[in-house]
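Protein chains in written order, with this note's numbering: chain A, 1 to 148; chain B, 1 to 148; chain C, 1 to 148; chain D, 1 to 148. One structure below.
4 protein chains.
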Amino acid sequence: MSSDQRAVAERIGASFARQGLMATLGASLGAIAPGFVEIVLIPGPTVSQQHGFVHAGAVSAIADSAAGYAALSLMPPGRGVLTTEFKINLVAPATGERIVARGEVVKAGRTLTLAQAKVFAEAGGQEKLVALLTATLMAIEGREGVSD
Amino acid sequence: MSSDQRAVAERIGASFARQGLMATLGASLGAIAPGFVEIVLIPGPTVSQQHGFVHAGAVSAIADSAAGYAALSLMPPGRGVLTTEFKINLVAPATGERIVARGEVVKAGRTLTLAQAKVFAEAGGQEKLVALLTATLMAIEGREGVSD
Amino acid sequence: MSSDQRAVAERIGASFARQGLMATLGASLGAIAPGFVEIVLIPGPTVSQQHGFVHAGAVSAIADSAAGYAALSLMPPGRGVLTTEFKINLVAPATGERIVARGEVVKAGRTLTLAQAKVFAEAGGQEKLVALLTATLMAIEGREGVSD
Amino acid sequence: MSSDQRAVAERIGASFARQGLMATLGASLGAIAPGFVEIVLIPGPTVSQQHGFVHAGAVSAIADSAAGYAALSLMPPGRGVLTTEFKINLVAPATGERIVARGEVVKAGRTLTLAQAKVFAEAGGQEKLVALLTATLMAIEGREGVSD
Numbered sequence: 001m002s003s004d005q006r007a008v009a010e011r012i013g014a015s016f017a018r019q020g021l022m023a024t025l026g027a028s029l030g031a032i033a034p035g036f037v038e039i040v041l042i043p044g045p046t047v048s049q050q051h052g053f054v055h056a057g058a059v060s061a062i063a064d065s066a067a068g069y070a071a072l073s074l075m076p077p078g079r080g081v082l083t084t085e086f087k088i089n090l091v092a093p094a095t096g097e098r099i100v101a102r103g104e105v106v107k108a109g110r111t112l113t114l115a116q117a118k119v120f121a122e123a124g125g126q127e128k129l130v131a132l133l134t135a136t137l138m139a140i141e142g143r144e145g146v147s148d
Numbered sequence: 001m002s003s004d005q006r007a008v009a010e011r012i013g014a015s016f017a018r019q020g021l022m023a024t025l026g027a028s029l030g031a032i033a034p035g036f037v038e039i040v041l042i043p044g045p046t047v048s049q050q051h052g053f054v055h056a057g058a059v060s061a062i063a064d065s066a067a068g069y070a071a072l073s074l075m076p077p078g079r080g081v082l083t084t085e086f087k088i089n090l091v092a093p094a095t096g097e098r099i100v101a102r103g104e105v106v107k108a109g110r111t112l113t114l115a116q117a118k119v120f121a122e123a124g125g126q127e128k129l130v131a132l133l134t135a136t137l138m139a140i141e142g143r144e145g146v147s148d
Numbered sequence: 001m002s003s004d005q006r007a008v009a010e011r012i013g014a015s016f017a018r019q020g021l022m023a024t025l026g027a028s029l030g031a032i033a034p035g036f037v038e039i040v041l042i043p044g045p046t047v048s049q050q051h052g053f054v055h056a057g058a059v060s061a062i063a064d065s066a067a068g069y070a071a072l073s074l075m076p077p078g079r080g081v082l083t084t085e086f087k088i089n090l091v092a093p094a095t096g097e098r099i100v101a102r103g104e105v106v107k108a109g110r111t112l113t114l115a116q117a118k119v120f121a122e123a124g125g126q127e128k129l130v131a132l133l134t135a136t137l138m139a140i141e142g143r144e145g146v147s148d
Numbered sequence: 001m002s003s004d005q006r007a008v009a010e011r012i013g014a015s016f017a018r019q020g021l022m023a024t025l026g027a028s029l030g031a032i033a034p035g036f037v038e039i040v041l042i043p044g045p046t047v048s049q050q051h052g053f054v055h056a057g058a059v060s061a062i063a064d065s066a067a068g069y070a071a072l073s074l075m076p077p078g079r080g081v082l083t084t085e086f087k088i089n090l091v092a093p094a095t096g097e098r099i100v101a102r103g104e105v106v107k108a109g110r111t112l113t114l115a116q117a118k119v120f121a122e123a124g125g126q127e128k129l130v131a132l133l134t135a136t137l138m139a140i141e142g143r144e145g146v147s148d
């Protein structure tokens, strides 16, 4: 890992640690690379919907964060990122041992970045796609309280 | 409130109580009417993103549940509802004293229902739109573990 | 109609006339008001999909333009507007005598505006909702060739 | 090409020929493979928006058809497919010599199929991503007038 990549990983780690919701959900950061970020969630009653599957809101939360941090990983330091919209298709119940959201940048722009996250459920050593998210992230600069 | 409406409110209340994520987020049910359901969230560090606003994932979670229960409120007992997709536009930072998601049915269908949720931030006695969600809900019948 | 409103209607009319696609589809402008624009399409074989309904792409085209012009109607002259994303839910086959898209602004922002369009099919004097679109429009200023 | 693949290509070709809108736009079918369909559009004044770029509605039309036919290519004969929703992100102005939409299936289901289309602009021998669409397609069986 280059020192640049280490700096990106540290920056995302520090920002992730400030996302109170991620701690509340028990989510954790996985792999980080330029334009790519992974977030992991463990299914259980605290993140469930009424049938025992992981709630679409919890799936969305890790997918949105994974997409947002993938976008942030390509931005210069000091710039913050806000989600302006996302859409998620939930194609199978989110259940299993681990839920992994993999965010990646589709198109990085000066103001707007398009990112995507695929969410997989892992069970018995197998992965299954459970959701696909596309998100628009807006770069914010010089706005108090909004960086990284 | 008619006995029918009471039955709907009880059914949604019971289902909501099984959504572990709602308890984890500290969300609560508000007003319920046929085709309309309100969910309330109190901003704070446990549901925040990195700048201190309520995380888009938490906003989405209550908006998705409000839309889903609005759809469920028009379905015959025993039928369950799953979100197949939603899109959310986040138009202002979610911050204030209370975040309120108001879900309502746009078009109820046999298999698919389209519902919408507007999310408002309340502060100083004023409401401000912070997000707009549209969701497709699928009616599920006769699938083990999926009802209400 | 005030002179301001007349100016808005003229501006949108002139821009609409430059949208070659609208002429190709046979679409026409309907009512215009601040933050509100209507576009009308006549169903027929030239705008159909394979079952004879109006193609989702044609429904989207008039809904997107209606939403975009609703956004433009609230912007200062000389500023242009580009759609950055939209989502459309198609809730019933688009068929009948006339298809009417009604665009309105949900939240006007400095850079991004959220607009919505409802699309109705008219037949036998009755209207039926066939689609709901939400769109993000980006204001463009000082970019050659992009105004109105 | 196997006889199965030939049958799929013939089926999609016959359905495409019935999409009046595709002829109106001057769009044509490109490559076809199981779960994959390409549609091509030539930019010009008849499909433009007000700044001379290809209209988002025309981009959406070919992307939606490409996604829909990708879904249809995996379904048994006699089953029809309707788009229930799509979302499209427009990341760059659609302009150049050719616009190519490439649809592919993300997850095929019994009732609902999730498909995606990437739209590229070709100019001077280079391709550039201009849009990304995700669509939900619903399989329809035994409904008069709805097949293929």
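Yeah, the Cβ is synthetic: ideal placement off N, Cα and C, and Gly gets one too. Predicted model only: the values in this text are computed from it and were never measured.
Cut-off 8 Å between Cβ atoms - residues of its own chain near residue i, not counting five sequence neighbours on either side
| i | result |
| --- | --- |
| B:A33 | Q5 and S73 |
| A:L112 | T84, T136, L137, M138 and A139 |
| C:R143 | G80 |
| D:G26 | L41, I42, G44, T46 and V47 |
Test: residue i CB closer than 9 Å to a CB of chain A
| i | result |
| --- | --- |
| B:V118 | Going by the sequence as given, residue 118 of chain B is Lys instead of Val. Chain A contact via Cβ: absent. |
| B:G44 | yes |
Closer than 7 Å at the beta carbon, the chain D residues around residue i
| i | result |
| --- | --- |
| B:L112 | T84 |
| C:D64 | A56 and G57 |
| C:I88 | E85 and F86 |
9 Å Cβ cutoff, residue i in contact with chain D
| i | result |
| --- | --- |
| A:G52 | no |
| C:R6 | no |
| C:L74 | no |
Length of the line joining the Cα atoms of residue i and residue j
| i | j | result |
| --- | --- | --- |
| D:K87 | C:V37 | 22 Å |
| A:L137 | C:A108 | 18 Å |
| B:A7 | C:A70 | 42 Å |
| C:S60 | D:V54 | 14 Å |
| A:R110 | A:H51 | 42 Å |
| C:T24 | D:T24 | 7 Å |
| A:I99 | B:E141 | 26 Å |
Chain-order list of residues whose beta-carbon lies under 7 Å from that of residue i (same chain, five-residue window excluded)
| i | result |
| --- | --- |
| C:S65 | Q19, M22 and I39 |
| D:A117 | A63, A66, A67, A101, R102, G103 and L133 |
| C:V106 | L114, A115 and Q116 |
| A:T75 | The identity of residue 75 of chain A in the sequence shown is Met, whereas the question assumes Thr. For A:M75, where only same-chain residues beyond five positions count, the Cβ hits under 7 Å are V81 and A139. |
| B:G35 | A70, S73, L74, E104 and V105 |
Cβ-based burial, residue i [other Cβ within 10 Å; buried from 16]
| i | result |
| --- | --- |
| A:G13 | exposed |
| B:E10 | exposed |
| A:A31 | exposed |
| A:S3 | exposed |
| B:A58 | buried |
Contact set for residue i: own chain, Cβ-Cβ below 6 Å, skip 5 residues either direction
| i | result |
| --- | --- |
| B:A123 | G96 and E97 |
| A:A56 | L90 |
| D:E127 | F120 |
| B:S28 | V40 |
| C:Q49 | H55 |
| B:G78 | S147 |
| B:P93 | F53 |
| B:V130 | A92, A94, V119 and A121 |
| D:G15 | Reading off the sequence shown, one finds Ser at residue 15 of chain D, where the question assumed Gly. For D:S15, where only same-chain residues beyond five positions count, the Cβ hits under 6 Å are D148. |
Interface flag, residue i vs chain C, CB-CB below 9 Å
| i | result |
| --- | --- |
| D:F36 | no |
| D:A23 | yes |
| D:S28 | no |
| B:V91 | yes |
Under 8 Å from the C-beta of residue i: neighbouring residues of chain D
| i | result |
| --- | --- |
| B:T136 | T84, E85 and T136 |
| A:L129 | V106 and K107 |
| C:A61 | H55, A56, G57, A58, S60 and A61 |
Under 7 Å from the C-beta of residue i: neighbouring residues of chain B
| i | result |
| --- | --- |
| A:S48 | Q19, G20 and L21 |
Listed by chain order, chain A residues near residue i by CB distance under 9 Å
| i | result |
| --- | --- |
| B:G80 | Q50 and H51 |
Residues that residue i contacts on chain A, provided the C-beta gap is smaller than 8 Å
| i | result |
| --- | --- |
| B:S15 | Q50 |
Cβ-heavy atom distance, residue i to the ligand GTP, below 8 Å
| i | result |
| --- | --- |
| B:T84 | The ligand GTP is absent from the structure shown, which contains no ligands of any kind. |
Proximal residues of chain C, C-beta to C-beta of residue i below 7 Å
| i | result |
| --- | --- |
| B:L132 | V106, L114 and T134 |
CB contact check: residue i to chain F, cutoff 9 Å
| i | result |
| --- | --- |
| D:A123 | This model lacks chain F altogether; the protein chains it does include are A, B, C and D. |
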